[in-house]
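To keep things clear, I will list the structure first and then write my remarks on it.
There are 2 protein chains.
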Amino acid sequence: MDAAEFRRRGREMVDYVADYLENIEQRPVYPDVEPGYLRSLIPTEAPMEPENYDDIIRDVERVIMPGVTHWHSPYFYAYYPAASSYPAMLADMLCGAIGCIGFSWAASPACTELETVMLDWFGKMLQLPECFIAGTHGHGGGVIQGTASEATLMSLLAARCKAVRWVQASNPKKSEAEIFSKLVAYTSEQAHSSVERAALIGGVMMRKVPTDNCFAVRGDILKEMVEKDKAAGLIPFYFCATLGTTPSCGFDSITELGPICNGENMWMHIDAAYAGSAFICPEFRPLLNGVEFADSFNLNPHKWLLVNFDCSTMWVKNRADIIGAFKMEPLYLKHENQESGRHWQIPLGRRFRSLKMWFVFRMYGLKGLQAHIRKQVALAKEFESLVRADKRFEICAEVILGLVCFRLKGSNELNQKLLKMITKSREIHLVPCQLSGRFVLRFAICARATESRHIQQAWQHITQLTFELLQEPNH
Amino acid sequence: MDAAEFRRRGREMVDYVADYLENIEQRPVYPDVEPGYLRSLIPTEAPMEPENYDDIIRDVERVIMPGVTHWHSPYFYAYYPAASSYPAMLADMLCGAIGCIGFSWAASPACTELETVMLDWFGKMLQLPECFIAGTHGHGGGVIQGTASEATLMSLLAARCKAVRWVQASNPKKSEAEIFSKLVAYTSEQAHSSVERAALIGGVMMRKVPTDNCFAVRGDILKEMVEKDKAAGLIPFYFCATLGTTPSCGFDSITELGPICNGENMWMHIDAAYAGSAFICPEFRPLLNGVEFADSFNLNPHKWLLVNFDCSTMWVKNRADIIGAFKMEPLYLKHENQESGRHWQIPLGRRFRSLKMWFVFRMYGLKGLQAHIRKQVALAKEFESLVRADKRFEICAEVILGLVCFRLKGSNELNQKLLKMITKSREIHLVPCQLSGRFVLRFAICARATESRHIQQAWQHITQLTFELLQEPNH
C-alpha cells in the first residue's frame, strides 16, 4: 500500500470510525459468541500472496464486530470507563506516523519533553503539591505509564530498593535476599488485584488491611498492623492507598495514613486509577487531600479523562528514587544529553503518548474536561435516585463519583440470578462485585455518549427483569 | 469535537500523515535542539477554554517536529528499526475506535481470540515447533506483549515460580526468600540491558556469560558456570539466549545451549527481538534451529515486520507455566468463560493489537513480508561491500542480517571523533556500540523507505567526513 492508497483508505477508515461511534447504540453491547468462535471464521494460516483491502474491511464486520464488547456504547456500564475522544484518536494517528520509540531523550527529544510538560500541566490541573511538578528545577515530576498496574509495580520496586539501601546503611553485612524476606507491604483488602501482583513480582510479603464500613482503610488499623510486624522483626516499607477502589469506589483515609507512612519511613503510593480524573473539579479535589504525604501518585486519564488507552499518569516526589532503582546505560543508549532521558518504567520502548494528552487538554480546555466529569457524576446520581426510589433495592456504598453499587434486598443467589438475566438479555452490560460478603451489582457510567435517556432506559430494563424474576414461583 | 468534525479533521490528518512520510527525506533526520527546548515554546498551564484545532495542528510543526528524531527517514540508521506501514496504521485507527480493554475474554472476545489465532499464524510462518502453537487443543501458544523487556521479565518470573515449586517439592520447609537467594539466572554479556533489569526486578542473581569471537554464547562456557554455581550450593534456573544481539546482531548457539538448559532443568528463553522477523525466510530459518529446546521465545514484529509499535510476540510451550505464575481472579473479572482469558503480562489492560498483525499479514502476504526482509538484508550487504572496499575501514562482526558494525582502523578516539562529526552534520543518524573494548559504529537498515541510493549517499557522506577527519593535523 503506497501513500496514495493510504490517503484513500485512510479517509474510508475515518468514516468507518465515525460511523461506528455514531451508530454504536444499534449494536448489541455484549457479544453473543462462544469461546473459540473466531477461529473457524478465518483461515488457519496467513496468506502467501497479498490480499485485497476490501476483503479485510468486509471481514471486520464479519469476523471482528460480532465478538466485540462495545465499551463505548451508552449501554455499557461494566468495569470502569475506557476513555475515548476524537481529539485523542487524531493524536494517535500522528503518534503512529511519527512512530518514534522514546526510550531516551535522543531517540526523540519532543517525545520526552512534551511528556514532562504535559505531566506538569496535568499536575497543576489537579493542584498537586509543588514537589510533584518537574518545572525546570524540581526534583519531582511525572511520567506516562501504560497502566496503573505498571505504576504500582514501579513504585513498589523503587520502595524496595530504597528500603534495602536504608537497612544496609546501618547493617552493611545484611544481604539483599535477607532484607527482602523481612520486607512487608500493605494495601487495602479492597485494592485492585494488580497491587497484590506487584508484591508477588517483587518477591515481598503483602498484607491486606481490613476496611471500615465505607470500604476505606483507616489509620489506626494500619498503625496496629505495622507495630505488630515490627515487633516480629519485620520491616514495613510500603503502603499502596487506593482512592476510588474497583469494587465500590471507596477512598482510603490518606490524611490519616500519610503521616503514619511518613513516620514509619514507608513509601506511600496512591492508586487513583479511576477516581483521579475527578480531582480536576474543585468540588472533588478534597478527596485528594493528603497527597502531600505520598511518595508517588497515579491515575489513568485513559479511564475517565477522554485520553484513549494507554495513558496512565504517575508522579513522584523524587525522580531519583524511581530512576535510581534500575539505571543502566549501555553504550548504544548513551548520548550527550542522557540526563534528560527517562527509564521510569518496565518497558524500555514507548510511544509518543503525550500527544494525546496535549490534543485532549487543548481541544476540551480544563472547563470542558470538568464538564465531562460533572455530567457523568450527575448521571450516576440520577441512577442512584431511581434505585433509592424502589424499595425492593438497596444502595450498597456511598455514590461519590460515577459508580453505583446496588442490589436487590435479599439473597446473593437472587442477585446472581438478576445479573444473569441482564447479561443474557444483552441490552445493557454490567459486572458484579463482592462487598462484605454480599453479591452486588456495579453500575458505572462509562461511555462519553451516555445520556439521561440511557440511564432511564437501563433502569426500566432492570426493573422489568426484576419483575419477571420475582414472578418466578420460587420467589 | 463531534463526528462530523472528526470526519473532516481525520481526513486532514490522513493527508498530514501521508505527506509526512512521503516527504520525510526533506527533514533533518536528527533534531537540532537542546534539552528543555520545548518548555519555552508552549504555555506553562493547560488552557481553561477549548482551543482551536488549527492552532494545535500549526503547533505540531512549530513545537513537535523540530524535536523529532525521524525514525522513518531513509537517513536513519540508528539502534534497530521501528516498524511502520500503512496497513498497520489503518488497523491502529480501528483499534482506537473499538477502544476495548482486553483484560479478559469477556471484556472483548474478539480481542483475545484474534490474538491467539494471529500468534498461531505467525508461529507457522516462523515454522515454530508444534508445541508452541495453541490450535484448539495445544498446551502452548502465543501472546502479544508491549516490548521484549516485558517478555523477558514474564519468562524470568514464570521460571522463578517454577523453580520455587520444584525446590519446595523436595524441601517443603524452605521459604521462598531462602530459595530466591540461591537462584541464578544467566545471559550473554552481549544481552540487552533489559535482561539484567528483569533479574533486578525479580530479585535474583544474574550472571553474564562471556561470548566467543563471534559474540555468541557457547555451550561449554555456560555448562562450566552452571557446574561451578551448583557446586557452591546455588540453583541455576534460567538462561536468556539472544538471537541477534543489540550491539552486533550476534547469535547465541542455542543448539548447544538448549540441551544443557533442558538437562539442568533451567528455563530457556530466547530473545530474538530484532532478528526474529527474518526467520520467516527459509534461508534465515536455520538461525532459529534449537528453538525446540526453549520454554519461551520472543520477537518484535514492531521492529522489523512492518507492524507499528507496540507488538512484541511471545510464545510459550506451556501456557500453564506463565498463567500460573500470577493468576488472580477477583469477582469483577470473573465471567463464565474465564478459562479463555489471558493474564500473561504485567499490565492487566491491553489494546486490540492483533488487528495490526492481521492487516499487515493480509495486505503483504508472507511473500511481501519476506521481500521486505530480503531487501533490507541486501542493503546491509551493499553497505558492507562499500566498507570492505575501503582499506581505511574494517568490518567488526559478521553481517548476517540488516546490521553492519564497522570502524576506522585505528584508535577508539578516532572513531569517536568520526561519530561526533556524523552526528553533528545531521545528514544521517547512527549510534555506536562497544565490541571487545573497541568503539564501533553501528549501521542498521531501518526505514521501509531506504533504497540503494540512500546507502550510497550515506557512505559517500561518511567517507567525506573521514577525509576531513584524517586531514586534521594531529592525524
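The listed protein sequences derive, respectively, from chains P and L. So the first sequence is residues 1050 to 1524, counted in the working numbering. So the second sequence is residues 1050 to 1524, counted in the working numbering. Just so you know, even glycine gets a beta-carbon here, dropped at the ideal spot from N, CA and C. Everything numeric in this text was worked out from a predicted model, so none of it was measured.
Taking residue i and residue j to be in contact with their CB atoms under 8 Å, please state how far apart those CB atoms are, rounded to whole angstroms.
i	j	result
L/Cys1445	L/Leu1479	Wrong, their Cβ atoms sit about 14 Å apart, outside the cutoff.
P/Lys1211	P/Gly1282	The pair is not a contact, with the Cβ atoms about 20 Å apart (cut-off 8 Å).
L/Gly1251	L/Arg1209	6 Å
L/Asn1347	L/Tyr1323	Actually they do not touch by this definition, with Cβ atoms about 11 Å apart.
P/Ile1494	P/Leu1415	21 Å between Cβ atoms; not a contact.
L/Tyr1069	P/Phe1055	With a Cβ gap of about 11 Å, L/Tyr1069 and P/Phe1055 do not count as contacting.
P/Val1436	P/Val1453	7 Å
L/Ile1228	L/Ala1327	Rounded, the Cβ-Cβ distance is 39 Å, inconsistent with contact.
P/Ala1290	P/Met1317	6 Å
P/Trp1364	P/Leu1168	7 Å
P/Met1470	P/Leu1519	Wrong, their Cβ atoms sit about 11 Å apart, outside the cutoff.
Step through the CB atoms of chain P and report whether any lies within less than 8 Å of the CB of residue i.
i	result
L/Ser1460	no
L/Phe1229	yes
L/Ala1218	no
L/Asp1049	Here chain L has residues from 1050 to 1524 only, and residue 1049 of chain L is not among them.
L/Trp1154	yes
L/Pro1350	no
L/Arg1107	no
L/Gly1189	no
L/Val1166	yes
L/Gly1299	no
Check whether the Cβ of residue i lies closer than 8 Å to any Cβ atom in chain L.
i	result
P/Lys1173	yes
P/Ser1243	yes
P/Leu1177	no
P/Phe1181	no
P/Thr1362	no
P/Asp1320	no
P/Arg1088	yes
P/Gly1252	yes
P/Pro1136	yes
P/Val1063	yes
P/Leu1163	yes
P/Ala1038	Residue 1038 of chain P falls outside the range modelled here, since chain P spans only 1050 to 1524, and no answer is possible.
P/Arg1056	yes
P/Ser1133	yes
P/Ile1422	no
P/Ile1444	no
P/Lys1192	It is Val, not Lys, that sits at residue 1192 of chain P in the sequence shown. With 8 Å as the cut-off, P/Val1192 does not count as an interface residue toward chain L.
P/Thr1185	yes
So which residues on chain P does residue i lean against when the C-beta distance must stay under 7 Å?
i	result
L/Pro1080	Pro1158
L/Val1356	The contacting residues do not exist; L/Val1356 stays about 11 Å from chain P at best.
L/His1121	Gly1148
L/Ala1052	Ala1067, Leu1070, Glu1071
L/Phe1516	Simply none; closest approach about 25 Å.
L/Phe1346	Going along chain P, no residue has its Cβ under 7 Å from L/Phe1346, so there is no contact; the nearest lies around 18 Å.
L/Trp1170	Glu1094, Ala1095
Show which residues of chain P have a CB atom less than 9 Å away from the CB atom of residue i.
i	result
L/Gly1414	Ala1095, Pro1096, Met1097, Glu1098, Pro1099, Glu1100
Could you tell me which chain L residues have their CB closer than 8 Å to the CB of residue i, listed as they occur along the chain?
i	result
P/Val1525	Any question about residue 1525 of chain P goes unanswered here, given that chain P covers just 1050 to 1524.
Applying a beta-carbon distance threshold of less than 7 Å, which residues of chain L neighbour residue i?
i	result
P/Leu1397	Thr1196, Ser1198, Ser1243
P/Arg1060	Arg1060, Val1063
Identify the contact partners of residue i in chain L, using a Cβ-Cβ distance below 9 Å as the criterion.
i	result
P/Phe1286	Chain L residues near P/Phe1286: none, gap ~14 Å exceeds 9 Å.
Which residues of chain P have a Cβ atom closer than 8 Å to the Cβ of residue i, listed in chain order?
i	result
L/Phe1410	Ala1095, Pro1096
L/Leu1292	Result: empty, since nearest Cβ-Cβ is about 17 Å, beyond 8 Å.
L/Asp1359	Pro1396, Gly1398, Arg1400
Whole alpha helix (DSSP H) elements within the stretch 1147-1176 of chain L, 4-residue minimum:
1158-1174
Can you list, in chain order, the stretches of the alpha helix (DSSP H) that have 4 or more residues and sit fully within the stretch 1254-1340 of chain L?
1268-1280, 1303-1312
Whether or not the stretch 1060-1074 of chain P and the stretch 1088-1100 of chain P are in contact is what I'm after, with contact meaning three or more pairs of Cβ atoms, one per stretch, closer than 8 Å; do they touch?
no
Tell me, please, whether the stretch 1268-1279 of chain L touches the stretch 1292-1309 of chain L by the rule of three or more beta-carbon pairs shorter than 8 Å.
yes
Say whether the stretch 1439-1459 of chain P touches the stretch 1357-1365 of chain P, bearing in mind that this needs 3 or more beta-carbon pairs closer than 8 Å, one atom from each stretch.
no
Sufficient close CB pairs (3 or more, under 8 Å) joining the stretch 1073-1087 of chain P to the stretch 1155-1163 of chain L:
Judged by Cβ distances under 8 Å, the stretch 1073-1087 of chain P makes contact with the stretch 1155-1163 of chain L, as three or more pairs qualify.
Given 8 Å, three or more beta-carbon pairs between the stretch 1462-1480 of chain L and the stretch 1118-1137 of chain L:
Touching, yes.
Mind pulling the alpha helix (DSSP H) runs of 4 or more residues that sit fully within the stretch 1116-1151 of chain P?
1135-1147
Is there contact between the stretch 1508-1523 of chain P and the stretch 1152-1159 of chain P, where contact requires at least three CB pairs shorter than 8 Å?
no
Every unbroken beta strand (DSSP E) inside the stretch 1444-1479 of chain P [3 residues or more]
1452-1457
Pair every Cβ in the stretch 1104-1111 of chain L with every Cβ in the stretch 1100-1108 of chain P, then say whether three or more of these pairs are closer than 8 Å.
no
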